[in-house]
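Trainee: Starting off with a structure, shown below.
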Amino acid sequence: MSAPLRLLRVYCFQFISQHIGFKNNQHFSYERSSDVMKSLSEDEEFDVIVVGGGPAGLNTAIMCATRHLKVALFERNRIGGFLATLYPNKIIPNYPGFPEGIVAIELVRNWLQHLRFSGVTVKNETVLDVAKGLTVTTDKKKYRSKVVVIATGTKPKRLGIPNESKFSKEGRGVYYFPSHPEDFLGKKVLVIGGGDTAIDAALELLNLADEIALVHRRESFRAFDENVEKVRKSGLVDLILNGEVVAIKGRNRVEKVVIKQKGKKLEKRVEAIIIAIGLVPNNEVFKHLGLRTDERGFIMTDRAQRTIIEGIFAVGDITYVGLRLITVAAAHGAIASHHIYSYVKKPYWAREAWLNEI
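Start counting the sequence shown at 854; every next residue gets the next number (my numbering).
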C-alpha cells in the first residue's frame, strides 16, 4: 500500500471515529451516570468481573457472556487497550482474516460491536482495590463477583531521565508511540529503543518526519529481522548504536537531547522523541494480594489462566509469556472463559481442583 493511500486510510478512520462518536465510545452504552442508566445498589454482584478492556479482557468478557455468565468489564480509559490509546492508526499485519492488514482502531470497533451484542456490562470506572474475598472497589462503588479476571496489560517503560515527565504532557514532545501521525509531520524525530516497538515507530515515521534518528544502547536489535532490514534499507533513519539518551533539554517543549556514546556526550537537536524501551506490567492494584509473579512483576498462571489465589484469573500481557500478540490474548480469553464457566457453574464434567501452586 502506497504511503499517500495509507495515510488517507488512516485519516478516513480518524474522521469516521470522530463523527460517529467512537472517540469517546459514545456508540456503546457505558454506565456513566444516573441520567442514562438506572441507579445501582451499593454492592452489585456478578459471576465474572474483568479488569481491563484490551484484547485479552475483551475476549474473556465476550466468551464468558456467550456461556450465559453475568459479566462486567471495567475499563478506566478507552476500550481496546494499546490498539485504541497508543497506536490506533497502526496497520495490524498478522491478524487472521485480514490478509492486507487492518487498522487497529477498526479492529477495536469490530470488537465493540461484538461486546455490545454479547450482553456484557461495561463500566467506565477506575478499579482501586480487589480484595481476596473478590470484592472490587472502584472510584464510584463496590461490587462482588465469583471470579475476577486481571487483564490490565502493560504500560510503556519510562527512561527516568531529566525532563521526561515534564515534556510527556500532550504536545510537548515526548511520546511513547506515534499514535497521531500529524504530531510528527515534517519534524525532526528521535526514537529510543531497539525492540519491535522502536522499529515499528521508525517505520511509521518514514513518510511523516523530516528527519529520523534511532538510538539503541546495543550493537544489534531485538526486533523482527524483516522490519530491521526495512529500516536499514530505507536510508532515512540515522542509526545511533551503543548510545544512550541521558537528558532531554528545552524550555516549554523538547528542543534537544543529550546522547552518551562511547564515553562521550553529544547534543542533538530534535522536535519530538518517541521512547520505546519496553513495557512494564500494570500490576499496582493487585500487589497486595500476594499473587505469584516473576522478577519483573508479570503475574504467573497455570495452563487454565488461574493465579495462585482461588477465584482470580489473569490473561493477556499482564501474564507475559514471551509473545505479545493479539491472537495470544484472544486465546487466553478462550482458555480462561472455559475454566471460569467450569468454576462458577460446576457442571458434572468439571473435575479440576484449584491449584495452590503454580
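We treat Cβ as the ideally placed atom computed from N, Cα and C, and that holds for glycine. Keep in mind the model is a prediction, meaning the values are calculated, not measured.
Between which two residues does the alpha helix (DSSP H) carrying residue 1185 extend?
Mentor: Translated into the one-based positions of the sequence shown, residue 1185 becomes position 332. Counting along the chain, the alpha helix (DSSP H) containing residue 1185 begins and ends at 1179 to 1198.
Trainee: Just tell me which of 942, 1202 and 1104 has its CA closest to the CA of residue 955.
Mentor: Translated into positions along the sequence shown, residue 955 becomes position 102. Nearest C-alpha to residue 955: 942.
Trainee: Who are the near neighbours of residue 1136 in its chain, counting only those whose CB is closer than 6 Å to its CB and skipping five residues on each side?
Mentor: As a working mapping, residue 1136 is identified with position 283 in the sequence shown. Once the five neighbours on either side are set aside, the close Cβ partners of residue 1136 are 1150.
Trainee: Quick check: the Cα distance between residue 1016 and residue 1161, rounded to an integer number of angstroms?
Mentor: Reading the sequence shown from its first residue, position 163 is the one you call residue 1016. Reading the sequence shown from its first residue, position 308 is the one you call residue 1161. Computed Cα separation, rounded: 40 Å.
Trainee: For residue 979, which three-state DSSP category applies?
Mentor: Along the sequence shown, read from residue 1 onward, the residue named residue 979 stands at position 126. In this structure, residue 979 counts as coil in the three-state DSSP scheme.
Trainee: Hey, how far is the Cα of residue 876 from the Cα of residue 1116?
Mentor: Taking the first residue of the sequence shown as 1, we reach residue 876 at position 23. Taking the first residue of the sequence shown as 1, we reach residue 1116 at position 263. With a pLDDT of 40 at residue 876, under the threshold of 50, the predicted position of this residue should be treated as unreliable, though the coordinate-derived value follows. So the two alpha carbons sit approximately 46 Å from each other.
Trainee: Ends of the beta strand (DSSP E) at residue 1091?
Mentor: On the sequence shown, position 238 is the one that residue 1091 refers to. Start and end: 1090 to 1094.
Trainee: Check whether the segment 1175 to 1184 touches the segment 904 to 913, counting contact only when three or more Cβ pairs, one atom from each stretch, lie closer than 8 Å.
Mentor: Flag = yes, the segment 1175 to 1184 and the segment 904 to 913 touch.
Trainee: Name the one or two DSSP bridge partners that residue 989 has.
Mentor: Mapped onto the sequence shown, residue 989 falls at position 136. Looking at the DSSP assignment, residue 989 forms a beta bridge with 983 and 996.
Trainee: Report the residue from 1047, 1108, 1077 and 924 whose alpha carbon sits nearest the alpha carbon of residue 998.
Mentor: By one-based count along the sequence shown, residue 998 stands at place 145. Among 1047, 1108, 1077 and 924, the Cα nearest to that of residue 998 is on 924.
Trainee: Tell me whether the beta-carbon of residue 1004 lies closer than 7 Å to the beta-carbon of residue 1169.
Mentor: Walking along the sequence shown from the start, residue 1004 turns up at place 151. Walking along the sequence shown from the start, residue 1169 turns up at place 316. The answer is yes: Cβ separation under 7 Å.
Trainee: Using a 10 Å radius around the Cβ and a threshold of 16 neighbouring Cβ atoms, would you call residue 1203 buried or exposed?
Mentor: Position 350 of the sequence shown holds residue 1203. It is exposed - the Cβ of residue 1203 has fewer than 16 other Cβ atoms within 10 Å.
Trainee: Measuring straight from C-alpha to C-alpha, what distance separates residue 962 and residue 933?
Mentor: The residue you call residue 962 lines up with position 109 of the sequence shown. The residue you call residue 933 lines up with position 80 of the sequence shown. One C-alpha to the other measures close to 9 Å.
Trainee: Going by DSSP, which residues form a beta bridge with residue 1100?
Mentor: The sequence position of residue 1100 within the sequence shown is 247, counting from 1. Answer by DSSP bridge pairing, in chain order: 1111.
Trainee: What are the start and end residues of each continuous beta strand (DSSP E) run of 3 or more residues lying completely inside the segment 1125 to 1155, in chain order?
Mentor: For the segment 1125 to 1155, whole beta strand (DSSP E) runs of length 3 or above, ordered along the chain, are 1125 to 1128 and 1132 to 1134.
Trainee: Give the straight-line distance between the Cα atoms of residue 1087 and residue 1183, rounded to the nearest whole angstrom.
Mentor: As a first step, residue 1087 must be located in the sequence shown, where it is residue number 234. As a first step, residue 1183 must be located in the sequence shown, where it is residue number 330. Distance between the alpha carbons of residue 1087 and residue 1183: 34 Å.
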